[in-house]
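Each residue of the sequence shown is one higher than the one before, starting from 1 at the first, in UniProt numbering. C-beta: ideal position from N, C-alpha, C; glycine also. Structure, as structure tokens:
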Amino acid sequence: MSDTVTSAAAEFARRQHSPVQRVQHQLHARPWLSPLFLLFVAFVVFFIATPTFLTANSMGILLQQTAVVATLAVGQTLVILTAGIDLSVGAIMVLTMMVMASLARDGGMPGLLALVIGFVLALAAGALNGFLVTRINLPPFIVTLGTLSVYTAIALLYSGGESIQASHLPGLLNVLGEGFAIGSFRLTWGIVVMVIIYAIVGFALSQTAWGRYVYAVGDDPESARLSGVPSKRILLAVYTVAGLIYAIAAWELIGRAGAATPNAVPDANLQSITAVVIGGTSLFGGRGVLIGTLLGALIVQTLQFGLSQMGVDQQWRVLATGILIVVAVAADQWIRKVKA
1 MSDTVTSAAA EFARRQHSPV QRVQHQLHAR PWLSPLFLLF VAFVVFFIAT
51 PTFLTANSMG ILLQQTAVVA TLAVGQTLVI LTAGIDLSVG AIMVLTMMVM
101 ASLARDGGMP GLLALVIGFV LALAAGALNG FLVTRINLPP FIVTLGTLSV
151 YTAIALLYSG GESIQASHLP GLLNVLGEGF AIGSFRLTWG IVVMVIIYAI
201 VGFALSQTAW GRYVYAVGDD PESARLSGVP SKRILLAVYT VAGLIYAIAA
251 WELIGRAGAA TPNAVPDANL QSITAVVIGG TSLFGGRGVL IGTLLGALIV
301 QTLQFGLSQM GVDQQWRVLA TGILIVVAVA ADQWIRKVKA
């Protein structure tokens, strides 16, 4: 009997210190490592395939393309950390964008007032999602699937399906599309705003009680409630803050696209979720860091941009994104099985 126990203990120790399990432990403790490695591999592959990929001009365009999706992904990260999901991210962004642009052009409002009203609208849209999840106790998937249709329809009805060009808008609404140069790189103020959002939300998640509560609610909501965490208020705050972040993404998108259009970024939901999952945030909540989301957004846009430079059809690019999602979720399942 003792020999059996000894043998089992030896086998357990061997497995605990196996190279594969050490990697598993590292990825569990540092979820940003795998997207960082994947981003490095993507850069090497596309540099070999297309030598123009790593030029200053290409990198500037890549960062500009990443800013909107990366900003949306911040709000999506907050929701997914609580074991939820938000399918209405793109719809809230488009609705906010069209309201801000229409108020400025048709209503004659100053840019600042139109911007503030848009932000309040997005806050309300996010708060409605949170109210339905926390007070009516509906599943986040169902709630945001429903509000996706509602917000999309309102945006189309409000705008009449008409685009509004940047030339018809006040300068404040276009300012995040304006650029500046750092050496050979041309960046935009939208990229700067995106970095600031990551810094603020990243600090809140890692250094404040609110951030610890977000992780606790996502990891085990019942245990968090029994420990005195106001779970429902935290969830409501998460969805509301996410709505505000989507409004900032709408502001960035006006400057980036040079217009406000109700058909902008039709795959925004997919791209934001992909960025979060590839970035190492668990779909089951309670695990992930914001820097991983930024890396995930860069990976998504690098894949699209690199394949585009190689002349690959859009259908194949969508296929590659889908494969990335499946692989990322499978890796997350494997990492979650780590043994103490």
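Which of helix, strand or coil DSSP assigns to residue i
i, result
"G322", "helix"
"A242", "helix"
"T96", "helix"
"V229", "coil"
"F284", "coil"
"V329", "helix"
"G218", "helix"
"A83", "coil"
"L169", "coil"
"T66", "helix"
"N137", "coil"
"residue 348", "Past the boundaries of the shown model lies residue 348; the chain is included only from 1 to 340, so the question cannot be answered."
"T71", "helix"
"R30", "coil"
"residue 341", "This structure gives no information on residue 341, because the portion of the chain shown stretches from 1 to 340."
"R105", "helix"
"V265", "coil"
Candidates the options, of which the one nearest residue i by Cα
i, options, result
"A73", "S308, L295, Q304 and L324", "L295"
"I182", "V327, R30 and G60", "G60"
"P35", "T321, G280, S308 and G285", "G280"
"A275", "E252, A297, L283 and S206", "A297"
"Q65", "S159, Q304, D313 and I323", "Q304"
"L121", "R233, L270, G285 and I245", "I245"
"V329", "T321, L319 and L283", "L283"
"S163", "D106, V41 and I197", "D106"
"V68", "L132, A56, V193 and T147", "V193"
"V150", "D219, L95, F37 and G161", "L95"
"L324", "I278, M310 and Q314", "I278"
"A125", "L290, A204, R135 and T144", "T144"
"V45", "I299, Q315 and E222", "I299"
Alpha helix (DSSP H) segment containing residue i, residue limits
i, result
"F131", "G111 to T134"
"T147", "P140 to S159"
"L39", "L33 to A49"
"P221", "P221 to L226"
"A275", "A268 to I278"
"S308", "L290 to Q309"
DSSP bridge partner residues for residue i (one or two, in chain order)
i, result
"L187", "F180"
"I164", "A260"
Within 8 angstroms, strictly: CB atoms of residue i and residue j
i, j, result
"L173", "A259", "no"
"L293", "T77", "According to the sequence displayed, residue 293 carries Thr and not Leu. Yes."
"V190", "P140", "Sequence inspection shows Gly at residue 190; the Val mentioned does not correspond to that position. Result no, Cβ atoms of G190 and P140 do not sit closer than 8 angstroms."
"L103", "I117", "yes"
"L169", "I248", "no"
"T71", "V214", "no"
"I92", "G288", "no"
"L187", "L63", "yes"
"I89", "L235", "Checking the sequence, you will find Val at residue 89 rather than Ile. Cβ distance not < 8 angstroms, so V89 and L235 don't count as in contact."
"G202", "G285", "no"
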